[in-house]
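Each residue of the sequence shown is one higher than the last, beginning at 5 in this note's numbering.
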Amino acid sequence: MSRKVVVTCALTGSFETVDRNPAVPVTPEQIARSALEAASAGAAVVHIHVRDPKTGKPSMAPELYAETVERIRAADAALLLNLTSGPGGRFIPTLHEPQKPAPGSTLTTPEIRMRHIEQLKPQLCSLDVGSMNFGPHVFINTPTHLVDMARRAKAAGVKPELEAFDMGHIELAKKLIWDGLIDAPPLFQLCLGISYGAPATPEAMLAMRNNLPAGAVWSAFGISRLQFPMVAQTVLLGGHVRVGLEDNLYLDAGTLAPSNAALVEKAVKIIELLGANVASPAEARTLFGLN
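Given below as structure tokens:
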């Protein structure tokens, strides 16, 4: 039998993309509907951020997460939910007083970053295992904060998806695993092409895959025009895939993606052309080592 590949769809993200593609979902109702459409197209997992329904800007409001999750669960109880813990890690230093945050900084406590996850108990949550320059700001995830967040996820019965943007992040994740904070099998997401992390190249993906701990399950994605080349590369190297409007707004060069479902459908076609099959949510649960 051919290998099963899990497709994750990252639905909306937290960047200023709403004005660039009208298909980016904003409200809980829109995000939930987009999740269900992606599931119908072949996604077994949906990765969820929320946005302020009035402005389209990123939000950390627990009530928006709760409404989005409730809508999805009411319609499709099998679909696996992956809630982000990324918001709350951004720091922009004030020019002449760099210890003070400038407007746009969101850096906050692990408790606030994890409260919606502890409340809603999805099957998965993202855990960004490293700090880095991220476009014009710094994305801060200190080892102390990561230990706290990993403990909170473990206590809530939620499996962390370890987001690695560069090789050193994998080394920090190995320390969390060694310390017993991450249950086997560890689940990694290799995030490629984000400024200024690992590039979206076959060489970078292969190097990161080869540095994963024994027994790890892994997925990967590339952003923008490299989303689909990285889908193919991931399948060839034995991983699972992620697509979605969080990472890429285009279906083809010059053609805006009309929906998350359209991006999933294209990923499914690539997976099947390469001789693999798409995993169902039940199969993804087994492959990812979920309870």
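Beta carbons: idealized from backbone N, C-alpha and C, even for Gly.
Exercise. Name the one or two DSSP bridge partners that Asp187 has.
Key: On the sequence shown, residue 187 is found 183 positions in, with the first residue counted as 1. Paired residue(s): none; Asp187 is not in a bridge.
Practice problem: Kindly indicate the opening and closing residues of the alpha helix (DSSP H) around Asn137. | Solution: Residue numbering aside, residue 137 sits at position 133 when the sequence shown is read from its first letter. Run containing Asn137: none in the alpha helix (DSSP H); it sits in the beta strand (DSSP E), Met136 to Phe138.
Practice problem: Pull up the CB-CB distance for Gly92 and Thr110, whole angstroms please, since I reckon it's below 8 Å. | Solution: Numbered from 1 along the sequence shown, position 88 holds the residue referred to as residue 92. Numbered from 1 along the sequence shown, position 106 holds the residue referred to as residue 110. With a Cβ gap of about 5 Å, Gly92 and Thr110 count as contacting.
Practice problem: For Pro164, I'd like the list of residues in its chain whose CB is within less than 7 Å of its CB, leaving aside the five on either flank, ordered along the chain. | Solution: Within the sequence shown, numbered from 1, the residue matching residue 164 stands at position 160. Within the same chain, Cβ atoms closer than 7 Å to the Cβ of Pro164 are found at Cys129, Leu131, Ala154, Ala157 and Ile186, the five residues on either side in sequence being excluded.
Quiz item: Val268 and Val282: beta carbons closer than 7 Å?
Solution: Within the sequence shown, the letter at position 264 stands for residue 268. Within the sequence shown, the letter at position 278 stands for residue 282. For Val268 and Val282, no; Cβs fall outside 7 Å.
Quiz prompt | Beta-carbon spacing of Pro4, Ile35 below 7 Å | solution = This structure cannot settle anything about residue 4, because the visible part of the chain is limited to 5 through 295.
Quiz item: Closest by CA to Ala204, which one among Phe192, Ile174 and Val235?
Solution: Position 200 of the sequence shown, counting from 1, holds the residue named residue 204. Check the Cα spacing between Ala204 and each of Phe192, Ile174 and Val235: the tightest is with Val235.
Quiz item: For the beta strand (DSSP E) that Asn86 lies in, which residues bound it at each end?
Solution: Taking the sequence shown and counting its residues from 1, one reaches residue 86 at position 82. Per DSSP, Asn86 belongs to the beta strand (DSSP E) from Leu84 to Leu87.
Self-check item: Cα-Cα separation between Arg296 and Leu260, rounded to whole angstroms
Solution: This structure does not reach residue 296, given that the chain is present from 5 up to 295, and the question cannot be answered.
Quiz item: Going by C-alpha distance, which of Phe143, Pro206 and Val239 is nearest Ser6?
Solution: Walking along the sequence shown from the start, residue 6 turns up at place 2. The candidate whose alpha carbon is nearest that of Ser6 is Val239.
Self-check item: From Glu74, Val9 and Ser199, residue whose alpha carbon lies closest to that of Ser228
Solution: In the sequence shown, residue 228 corresponds to position 224, counting from 1. Comparing Cα-Cα distances from Ser228 to each of Glu74, Val9 and Ser199, the minimum goes to Ser199.
Quiz item: Ala280 and Leu84: beta carbons closer than 7 Å?
Solution: Here residue 280 is taken as the residue at index 276 of the sequence shown, counted from 1. Here residue 84 is taken as the residue at index 80 of the sequence shown, counted from 1. In this structure, Leu84 does not lie closer than 7 Å to Ala280 by Cβ.
Self-check item: Element boundaries [alpha helix (DSSP H), containing Ala14]
Solution: Against the sequence shown, residue 14 aligns to sequence position 10. Run containing Ala14: none in the alpha helix (DSSP H); it sits in the beta strand (DSSP E), Val11 to Ala14.
Quiz item: Which same chain residues, not among the five before or five after Cys297, have their C-beta less than 6 Å away from its C-beta?
Solution: No answer is possible for residue 297: the residues shown for the chain start at 5 and end at 295.
Practice problem: Report the option in Asn252, Ser284 and Pro285 whose CA atom is closest to the CA atom of Lys270. | Solution: Along the sequence shown, one-based indexing puts residue 270 at 266. With distances taken between CA atoms, Lys270 lies nearest to Asn252 out of Asn252, Ser284 and Pro285.
Self-check item: Cβ-based burial, Ala106 [other Cβ within 10 Å; buried from 16]
Solution: Along the sequence shown, one-based indexing puts residue 106 at 102. Around the beta carbon of Ala106, fewer than 16 other beta carbons lie within 10 angstroms, which makes this residue exposed.
Practice problem: Put Gln193 into one of helix, strand or coil per three-state DSSP. | Solution: Numbered from 1 along the sequence shown, position 189 holds the residue referred to as residue 193. The answer is strand: DSSP assigns Gln193 an E or B state.
Exercise. State the Cα-Cα distance for the pair Ser135 and Ile121, rounded to the nearest angstrom.
Key: Here residue 135 refers to the residue found at position 131 of the sequence shown. Here residue 121 refers to the residue found at position 117 of the sequence shown. So the alpha carbons of these two residues sit roughly 21 Å apart.
Self-check item: His149 versus Glu74: straight-line alpha-carbon distance, rounded
Solution: The residue given as residue 149 occupies position 145 in the sequence shown. The residue given as residue 74 occupies position 70 in the sequence shown. For His149 and Glu74, the distance between alpha carbons rounds to 28 Å.
Quiz prompt | Neighbourhood of Leu210 by C-beta, 8 Å cutoff - its chain only, sequence neighbours within 5 removed | solution = Residue mapping note: residue 210 aligns to position 206 of the sequence shown, counting from 1. Correct list, in chain order: Leu241.
Quiz item: Thinking just about the alpha-carbon of each residue, which of Leu291, Thr112, Thr88 and Pro97 is nearest to the one in Asn137?
Solution: Reading the sequence shown from its first residue, position 133 is the one you call residue 137. Selection Leu291, Thr112, Thr88 and Pro97 evaluated against Asn137 yields Pro97 as nearest (Cα-Cα).
Quiz item: What did DSSP end up calling Lys125 once you bin it into helix, strand or coil?
Solution: Stepping through the sequence shown from its first residue, residue 125 is reached at position 121. DSSP places Lys125 in coil when its eight states are reduced to three.
Practice problem: Output the boundary residues of the beta strand (DSSP E) element that contains Ala224. | Solution: Counted from its first residue, the sequence shown places residue 224 at position 220. Bounds of the beta strand (DSSP E) holding Ala224 are Val221 to Gly226.
Practice problem: Please name the residue in Thr21, Phe95 and Arg94 whose C-alpha comes closest to that of Arg59. | Solution: The count along the sequence shown starts at 1 and reaches residue 59 at position 55. First, the residue type needs correcting, since residue 59 is Thr and not Arg in the sequence shown. The closest CA to that of Thr59, considering only Thr21, Phe95 and Arg94, is found on Thr21.
Quiz item: According to DSSP, is Asn145 helix, strand or coil?
Solution: The residue you call residue 145 lines up with position 141 of the sequence shown. Shown here, Asn145 sits in coil according to DSSP, grouped into three states, outside any helix or strand.
Quiz item: Going by the beta-carbon positions, is the gap between Gly184 and Leu230 smaller than 7 Å?
Solution: Here residue 184 corresponds to residue number 180 of the sequence shown, with the count starting at 1. Here residue 230 corresponds to residue number 226 of the sequence shown, with the count starting at 1. No Cβ-Cβ contact shorter than 7 Å links Gly184 with Leu230.
Quiz item: Tell me which same chain residues have a C-beta within less than 7 Å of the C-beta of Pro217, skipping the five on either side of it?
Solution: Sequence index remark: in the sequence shown, residue 217 carries index 213 (1-based). Around Pro217: Lys178, Ile181 and Pro190.
Quiz prompt | Assigned exposure category for Ala257 - 16 Cβ within 10 Å defines buried | solution = Counting from one through the sequence shown, the residue named residue 257 turns up at place 253. Exposed, since its Cβ has fewer than 16 Cβ neighbours within 10 Å.
Self-check item: Cβ shell of Thr3 (< 7 Å), same chain only, five flanking positions each side left out
Solution: Residue 3 falls outside the range modelled here, since the chain spans only 5 to 295, and no answer is possible.
Quiz item: Quick one: what's got a C-beta closer than 6 Å to Gln193's C-beta in the same chain, skipping five residues either side?
Solution: Taking the first residue of the sequence shown as position 1, residue 193 is located at position 189. The answer, listed in chain order, is Glu165, Glu167 and Ser223.
Practice problem: Could you have a look at Phe95 and say whether DSSP puts it in helix, strand or coil? | Solution: Counting from one through the sequence shown, the residue named residue 95 turns up at place 91. Collapsing the DSSP output to three states places Phe95 in a strand.
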